[in-house]
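Those protein sequences? They're chains A and B, same order as listed.
In this text, residue positions in the first sequence follow my numbering: the first is 1, and each later residue adds one.
In this text, residue positions in the second sequence follow my numbering: the first is 1001, and each later residue adds one.
We put the beta carbon where it would ideally sit given N, CA and C, even for glycine.
Report on one structure; see the data block that follows.
2 protein chains.
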Amino acid sequence: MKVAADHLMEVITKLLQAIGAGDKEARLVAKILVQADLRGIRTHGCAFLPLIAERCAHGLLNIPTKTMLITDEGAITHIDGNNGLGQVAAAEAMQLSIHKARNHGVTLALIRNTNHIGFLGYYTLMAAAEGMIGICATNAAASVAPWGGAEPFFGSNPFSIAAPVANGAPIVLDMSASVAARGKIRRAQRLNENIPEGWALDETGCPTTDPAEALKGTLLPIAGYKGSGLALFIDLMCGLLSGSKYGRDLLTFHKPIGPTGVGAMLMAIDIGRFMPLARFETLVNEYAAAIRNSKKAVGVERIFLPGEIEAEKADASKSRGIEVDSQIIEKINVLLEQKDLAIRIEEK
Amino acid sequence: MKVAADHLMEVITKLLQAIGAGDKEARLVAKILVQADLRGIRTHGCAFLPLIAERCAHGLLNIPTKTMLITDEGAITHIDGNNGLGQVAAAEAMQLSIHKARNHGVTLALIRNTNHIGFLGYYTLMAAAEGMIGICATNAAASVAPWGGAEPFFGSNPFSIAAPVANGAPIVLDMSASVAARGKIRRAQRLNENIPEGWALDETGCPTTDPAEALKGTLLPIAGYKGSGLALFIDLMCGLLSGSKYGRDLLTFHKPIGPTGVGAMLMAIDIGRFMPLARFETLVNEYAAAIRNSKKAVGVERIFLPGEIEAEKADASKSRGIEVDSQIIEKINVLLEQKDLAIRIEEK
């Protein structure tokens, strides 16, 4: 079903307020969820709203979110997310990082004790909008086997980096260290679809195309030891060094069985320290054009830059409406009713 | 042929001195080449020495290396490598970064206008030895197609990250953004061996197992858009932002056709800002043990941490000698003769 972005934003904001979020944080989280849906990252969009509500109902999410600044020294920021909404902690950390990078040139913020922060591109794009290179990573509940392993140890541990471009949308890479995000497998399960071979092993350590078997087994890291190593270091930084949970100790956001213990890392790099920002943005624009115009593989009509497909989807969804799974809409409408709110999600 | 590490170190140092390197830089570069060979990274070991000599003979390498400090402000360092030995510029940048990270917590150094910096783990291990997390990346001559492309645009653009561990060798990831390093394909060609399918496309954009065809065609990035995106952002930071060459403008170190224009990025993160170093190292040790003891995939006897295979190879090579290709030994012995040096590489 197609839903208008503004309408979805309004519904999510009201529901978040009704379950205890402050006005500002409700708008922020709604914006991040809707942007994910707009960009076609449906595993990180309004599908998360029922999970947030469920977690609150179980007393497993402290909202309104009250973060605590542990360290704010030099180029370093250390934040405790106080088991609140991850989006609030991460946006605050990136805001601070951008501000501090103007003084120090580069900054590192670690967050401990928070929850799922949503799609990472939101935060790296915040930095790009301020003329900086933004970097963000987070750990997650174990779903990926180490290289050579047959059981989950790492999370999908996503990573994002973004840079501004003259006369166009920023380039933004947003990737997980697993061949496929766990959310994609959950969505396949929800839609009764198979998953491609190579994404996952079942419980016995054999390849599987059944999403249910995959969720009982383990996801595989990208590129063998390389993806495994990336997932490991993201966990070391976001989980272990931040003082958060790591490895198999993290809990999933998808079941209300306890605090997730998610950690995150955010960096901002002030481009202007190395060259005038306008020049950098112009060079990146030319660089992107050279990639687009390079020789294409057989069957490829167009070469896309990181984030380009998502930016175009967002433009299209803004005018045509956002495609939302009917199961998600039903769940949200039930929640609206339970909270005595008059509004319902309606088709555009 | 097996060669003793100390002997190889002595030969390389003398040859580098004979072709114009200063004493200190000759020892540094020799150490980095020998460490690569010790760790089994034979594409980055003494196989590079004849290339360095050839480049000097063509007036394409400025030695002794005289780097220039462009910016040294706050947490930022910007260095011009003055077309000298990349190892000198990179080691200097990491030394400075470590020093500055004690004040700022995190630092970023960019190097422009340098050459091949050798295996990246050397620099990230420098940081780990000082109780820091080290990060390093560099760009390289175009060899990898963008996602969807059929001609080289990115270099293999390697990336390394290392962290210290209590009672053991640091964990160090050292990976390229291509499925295989170009050096591995060159070595297969030298040894008349085929390469596995999936590493490369030939000139017409078709998969190939012939190293010569692969070198005329293009390498493939790891994990599709993910490896392509990593290569892109490494180039944006190391090449474009540093003021160095990028994309197709970089020249290979393997042919004396002009300055390579390589750029590099180095970061140091002071662990002690977030938790006592000893505690971090102990936790990482436990973390590594948990990974090693996790369930193994069918046919896997042991799960290795990043850098563990290389560290064990180094220990073995120290006692048994380093395996060096006979063609490389011949080339080096010819160079020693040309420079009127009495020493020759001899079998251990």
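Q: Measure from the alpha carbon of A:P207 to the alpha carbon of each residue in A:L85, A:A288, A:A150, then state which is nearest.
A: Counting from 1 along the first sequence, the entry for residue 207 of chain A is found at position 207. Checking every option, the nearest Cα to that of A:P207 belongs to A:A150.
(Q) With DSSP as the reference, identify every bridge partner of B:A1137, one or two as the case may be. (A) Here residue 1137 of chain B is taken as the residue at index 137 of the second sequence, counted from 1. Answer is B:F1159, B:M1265, bridged to B:A1137.
Q: Return the first residue and the last residue of the alpha helix (DSSP H) that A:H104 is part of.
A: By 1-based counting over the first sequence, the position of residue 104 of chain A is 104. Its alpha helix (DSSP H) spans residues 86-104.
Q: Would you mind stating whether A:I222 and A:W199 have Cβ atoms separated by less than 8 Å?
A: Stepping through the first sequence from its first residue, residue 222 of chain A is reached at position 222. Stepping through the first sequence from its first residue, residue 199 of chain A is reached at position 199. No.
Q. Where do the ends of the beta strand (DSSP E) carrying A:M68 lie?
A. By one-based count along the first sequence, residue 68 of chain A stands at place 68. Start and end: 68-73.
Q) Under a three-way DSSP split, which group does A:R112 fall into? A) As a position in the first sequence, residue 112 of chain A is number 112, starting the count at 1. In this structure, A:R112 counts as strand in the three-state DSSP scheme.
Q) What is the rounded straight-line gap between the Cα of A:F119 and the Cα of B:N1115? A) For the purposes of this step, residue 119 of chain A is taken as residue 119 along the first sequence, with counting starting at 1. For the purposes of this step, residue 1115 of chain B is taken as residue 115 along the second sequence, with counting starting at 1. Their backbone Cα atoms lie some 37 Å apart in a straight line.
**Q.** Three-state class that DSSP yields for A:H254 in the structure shown
**A.** Here the question's residue 254 of chain A lines up with position 254 in the first sequence. A:H254: coil per DSSP, three-state reduction.
Q: Taking 8 Å as the cut-off, decide whether the C-beta atoms of A:D249 and A:N157 are in contact.
A: As a first step, residue 249 of chain A must be located in the first sequence, where it is residue number 249. As a first step, residue 157 of chain A must be located in the first sequence, where it is residue number 157. Not closer than 8 Å, so no.
(Q) Taking its Cβ as the centre, do 16 or more other Cβ atoms sit within 10 Å of B:H1099, making it buried, or is it exposed? (A) The residue labelled residue 1099 of chain B in the question sits at position 99 within the second sequence. With fewer than 16 other Cβ atoms within 10 Å, it is exposed.
Q.
Taking 8 Å as the limit between beta carbons, can you name the residues of its chain near A:V284, skipping five residues before and five after?
A. What you label residue 284 of chain A is simply residue 284 of the first sequence in a count that begins at 1. For A:V284, where only same-chain residues beyond five positions count, the Cβ hits under 8 Å are A163, P164, V165, A166, I171.
Q.
For chain A, check one thing: does any of its Cβ atoms lie closer than 8 Å to the Cβ of B:S1122?
A. Against the second sequence, residue 1122 of chain B aligns to sequence position 122. Ser is not the amino acid found at residue 1122 of chain B; the sequence shown has Tyr there. With 8 Å as the cut-off, B:Y1122 does not count as an interface residue toward chain A.
(Q) Between A:G183, A:E337, A:I269, which has its C-alpha nearest A:A212's C-alpha? (A) In the first sequence, residue 212 of chain A corresponds to position 212, counting from 1. The shortest C-alpha separation from A:A212 is found at A:G183.
Q: For A:E54, I'd like the list of residues in its chain whose CB is within less than 8 Å of its CB, leaving aside the five on either flank, ordered along the chain.
A: Working through the first sequence from its first residue, we reach residue 54 of chain A at position 54. Counting only Cβ-Cβ distances below 8 Å, and skipping sequence neighbours, we find P256.
**Q.** Any chain A beta carbon closer than 8 Å to B:L956
**A.** A question about residue 956 of chain B goes unanswered here, because the residues of chain B that appear run from 1001 up to 1348.
Q: May I ask you to list the residues that DSSP assigns as paired with A:M132?
A: One-based indexing of the first sequence puts residue 132 of chain A at position 132. DSSP output for A:M132 lists A:D270 as bridge partner(s).
**Q.** Rounded straight-line distance, which links the Cα of B:N1062 to that of B:M1009
**A.** As a working note, residue 1009 of chain B is residue 9 in the second sequence. As a working note, residue 1062 of chain B is residue 62 in the second sequence. For B:M1009 and B:N1062, the distance between alpha carbons rounds to 22 Å.
Q) In terms of alpha-carbon separation, which member of B:M1001, B:L1336, B:S1143, B:A1169 lies closest to B:A1180? A) As a position in the second sequence, residue 1180 of chain B is number 180, starting the count at 1. For B:A1180, the nearest C-alpha among the options comes from B:S1143.
(Q) At the level of alpha carbons, what is the spacing between B:G1243 and A:F253? (A) In the second sequence, residue 1243 of chain B corresponds to position 243, counting from 1. In the first sequence, residue 253 of chain A corresponds to position 253, counting from 1. B:G1243 and A:F253: Cα-Cα distance of roughly 43 Å.
Q.
Can you look up A:H78 in the DSSP assignment and give me helix, strand or coil?
A. Stepping through the first sequence from its first residue, residue 78 of chain A is reached at position 78. Strand.
Q | CB contact below 8 Å: B:R1364 versus chain A | A | The structure shown does not extend to residue 1364 of chain B, since chain B is modelled only from 1001 through 1348, so no value can be given for it.
(Q) So with CB distances below 9 Å, who are the chain B contacts of A:P196? (A) Your numbering for residue 196 of chain A matches position 196 in the first sequence. Near A:P196 there are no residues of chain B at all, since even the closest Cβ is about 12 Å away, more than 9 Å.
Q) In chain order, what residues of the same chain have a beta carbon less than 7 Å from the beta carbon of B:A1127, not counting five sequence neighbours either side? A) Residue 1127 of chain B sits at position 127 when you count from the first residue of the second sequence. M1094, I1098, I1133, G1134, A1162, A1268, listed in sequence order.
Q. Interface residues of chain B around A:V298 at Cβ under 7 Å?
A. As a first step, residue 298 of chain A is located in the first sequence; it is residue number 298 there, counting from the start. In chain order: G1205.
Q.
For B:A1288, tell me which candidate among A:I41, A:F274, A:L240, A:E25 has the shortest Cα-Cα distance.
A. As a working note, residue 1288 of chain B is residue 288 in the second sequence. Selected option, being the one with the closest Cα: A:L240.
(Q) Under 8 Å, Cβ to Cβ, is there at least one residue of chain B near A:E73? (A) The sequence position of residue 73 of chain A within the first sequence is 73, counting from 1. Interface residue, yes.
Q: Using a Cβ-Cβ cut-off of less than 7 Å, give me the residues of the stretch 72-102 of chain A that come near chain B, in sequence order.
A: E73, G74, A75, I76, H78
Q) In chain order, which continuous runs of the alpha helix (DSSP H) of length 4 or greater are located wholly inside the stretch 197-233 of chain A? A) 211-216
Q.
Strictly below 7 Å CB to CB, what residues from chain B border A:G229?
A. Residue numbering aside, residue 229 of chain A sits at position 229 when the first sequence is read from its first letter. Neighbours of A:G229 on chain B, chain order: L1173, M1175, P1306.
Q.
Going by beta-carbon coordinates alone, are A:S176 and B:P1146 separated by less than 8 Å?
A. Locating residue 176 of chain A in the first sequence gives position 176, where the first residue counts as 1. Locating residue 1146 of chain B in the second sequence gives position 146, where the first residue counts as 1. No, these two residues do not count as a Cβ contact at 8 Å.
Q: In the DSSP assignment, find the unbroken beta strand (DSSP E) run with A:M1 in it and report its ends.
A: Taking the first sequence and counting its residues from 1, one reaches residue 1 of chain A at position 1. Unbroken run through A:M1: none, as it is neither H nor E.
Q) Would you report the Cα separation of A:L38 and A:A311, rounded to the nearest angstrom? A) Residue numbering aside, residue 38 of chain A sits at position 38 when the first sequence is read from its first letter. Residue numbering aside, residue 311 of chain A sits at position 311 when the first sequence is read from its first letter. Their Cα atoms are separated by approximately 9 Å.
(Q) Within a Cβ cutoff of 7 Å, which residues of the same chain sit near A:A18, ignoring the five residues on either side of it in sequence? (A) The count along the first sequence starts at 1 and reaches residue 18 of chain A at position 18. Once the five neighbours on either side are set aside, the close Cβ partners of A:A18 are K339, L341.
Q. Does any residue of chain B bring its CB to less than 8 Å from the CB of A:S372?
A. As displayed, chain A neither begins before 1 nor continues past 348, which places residue 372 of chain A out of reach and without an answer.
Q. Smallest Cα separation from A:K31: which of A:I117, A:C56, A:K66?
A. Position 31 of the first sequence, counted from the start, is the residue given in the question as residue 31 of chain A. A:K31 has its Cα closest to that of A:I117, out of A:I117, A:C56, A:K66.
Q | Secondary structure of B:T1065, DSSP reduced to three states | A | Numbered from its first residue, the second sequence carries residue 1065 of chain B at position 65. Correct three-state label for B:T1065: coil.
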